[in-house]
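For reference, the structure is listed below as C-alpha cells.
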Amino acid sequence: MIEYQDKKLQQLNALIEMTALINSTLDPFLIRKKVIEAATKLLNAEAGSLLILNHKTGELFFEVAIGGKSEKLTTITLEKGVGIAGWVAEHGEPVISNDVGSDTRFFKGVDEVSGFITKSMICVPVRTKERILGVLQVINRIEGGFEFDDMVLLYAFANQVAIALENAQLYQESVTDSLTGLYHHKYFELRLKEEMDRSKRYKHPLTLLMLDIDFFKKVNDTCGHLAGDMVLRGIAQILKDGTRLSDVAARYGGEEFAVVLPYISYKNALNVAERLRKTTEDMSFENIRITISAGVGYFDGEDQDAGHKELIELADRALYKAKNNGRNRVESMILRPIGNG
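Our numbering applies: residue -14 is where the sequence shown begins, and numbers increase by one.
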C-alpha cells in the first residue's frame, strides 16, 4: 500500500513539474523531451518517443525519441495508418499491447531499421479539442506488463505535450511574418538587443547580416506579385536552411532580410553571407534569375557603450556599399576594430 502511494506521489510530482516547465518556457523541443523522459522513467520503460502527424499526408515522423536505438529513428517516417502508432493517430484511441508480436497492427519495419526489439508498448494520441497532433508512446516495460493505470498516466503526459505544442504554435504565429515564416521586424529588434547585451556581457562576437533582393521591383512589375511572393518565400527558405538554430533570421521589411549571428568569428560570418549569396544566385525561381546583396556588420563584444541600433546602421551601410558597388556581392564593416577597446 505504501509502495503504491509512493508511486502515485512520484507521478503527481512529475506532472506538477511538467506544468511548471510549460508555464516557464516556450521552447517546445525542451518540453517534449522532458515529458518523454519523465513518462519513460515513471512507467519503468526502456524507450519512449513522440511522433508528430503531418496533416497533409497523414504520415508520422519521430520528433523526439529516447532510449533504445533512438538515434536511428529520426530518419523514419510512417505512412498513414501504418503500425500501432499509425492506427492510434488515425482512430484517436489508445493501445496497450504487452505482446506486439501477436498484434496485427504492429509494424516491424521500425525495429528492422533501428535494430531495437519492441516487445510491449502503450501508445496514446496527443490531441486538442479540434484535432490529433501526434502520438506518445513508451516501449518495453522493464518488469512485468503495462497496466491500465500506466495508460492513464501516459494520457496525462500527452495532454501536457498537446498544451506545449499549442502554446508554441500560438507564440510562433505571434512573432513570425505570415508570408515567409521568418521572424517579423519587431521580434528581430528585440532579439538583436538581447544578443547585443549578451555579447557585451560575455565579450563574445556578434554579427548582423542585412540582405536585399536585387531589382525586386522589376520582378513584381514584369512577373506579377504572386511571383514576387514566391521569390520572397524562396529567399526565406534559403535563410532557414543556411543558418544555425541559434541564429535569428527575419524579414526586415519589403524585400529586405536580416540575420543575427551570435558567437561567430568575422571570417565565418563573411563565409555565411557569401554562401547565402551564392545559393541564391544558383537557384532558379521558375526561370526568374534572382540575386541578393548583403551587408555584414560585425561587433567584437568589447565596447560596452555600443548599442544594437549602431549595429543595424553599420550593417545597413555595408549593404548600401554592396548595392553601390554593383549588387550581387557581400560588403562588411566592423563596429569597433577587433582587439581595440
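Note that beta-carbon positions come from the ideal geometry of N, C-alpha and C, so glycine has one too. Keep in mind that this is a model prediction, so the values were computed, not measured.
Cutoff 8 Å; reference residue i; Cβ partners in own chain excluding five residues on either side
i      : result
Ala291 : Met181, Lys185, Phe284, Leu320 and Arg321
Cys208 : Ile273
Phe91  : Gly68, Ile69, Ser82, Val85 and Thr103
Phe133 : Ile81
Gly227 : Val257, Arg260, Leu261 and Thr264
Ser231 : Pro247 and Tyr248
Ser250 : Pro190
Lys308 : Asp197, Asp199 and Ser278
Asn29  : Arg126, Ile127 and Glu128
Asn313 : Asp199, Arg262, Glu266, Thr276, Ile277 and Ser278
Check whether residue i and residue j have beta carbons under 8 Å apart
i      : j      : result
Gly280 : Glu316 : yes
Leu296 : Arg236 : no
Glu75  : Gly66  : yes
Val73  : Val20  : no
Leu246 : Thr192 : yes
Leu63  : Leu35  : no
Gly119 : Leu15  : no
Ile275 : Val216 : yes
Asp206 : Ser278 : no
Lys18  : Val49  : yes
6 Å CB neighbourhood of residue i in its chain, flanking five on each side removed
i      : result
Met195 : Ala243, Gly280, Ala300, Asp301 and Leu304
Ala32  : Gly52, Gly53 and Ile124
Asn310 : none
Gly219 : Phe270
Lys203 : none
Phe173 : Ala235 and Ala243
Asp88  : Ser82
Phe201 : Glu240
Burial state of residue i (16 or more Cβ within 10 Å)
i      : result
Gln157 : exposed
Gly100 : exposed
Ser105 : buried
Lys59  : The residue you asked about is not Lys; residue 59 is Thr in the sequence shown. Thr59 comes out exposed.
Val98  : exposed
His293 : buried
Gln122 : buried
Gly239 : exposed
Asp267 : exposed
Glu56  : exposed
Asp135 : buried
Gly286 : buried
Ile127 : exposed
Gly77  : exposed
Leu155 : exposed
Arg116 : exposed
Thr42  : exposed
Helix, strand or coil at residue i [DSSP, three-state]
i      : result
Ser269 : coil
Ala212 : helix
Asn253 : helix
Phe200 : coil
Gly366 : Lying before the first or after the last residue shown, residue 366 is absent from the chain, which here runs from -14 to 326.
Gly219 : helix
Leu194 : strand
Gly324 : Note that Gly324 scores 49 on pLDDT, short of 50, meaning its location in the model is unreliable; the coordinates nonetheless yield the value given after this. Coil, per DSSP.
Asn29  : coil
Leu299 : helix
Ser278 : strand
Tyr248 : coil
Ala291 : coil
Ser82  : strand
Phe101 : coil
Leu139 : helix
Ser163 : coil
Leu304 : helix
Phe47  : strand
Asn205 : helix
Phe357 : Beyond the ends of the chain as shown, which are -14 and 326, falls residue 357; an answer cannot be given.
Glu241 : strand
Leu175 : helix
Residues near residue i in its chain [Cβ-Cβ closer than 7 Å; skip 5 each side]
i      : result
Ala254 : Thr192, Leu246, Val281 and Tyr283
Leu164 : Asp214, Leu217 and Arg218
Do the segment 205 to 220 and the segment 139 to 157 make contact, defined as three or more Cβ pairs closer than 8 Å? no
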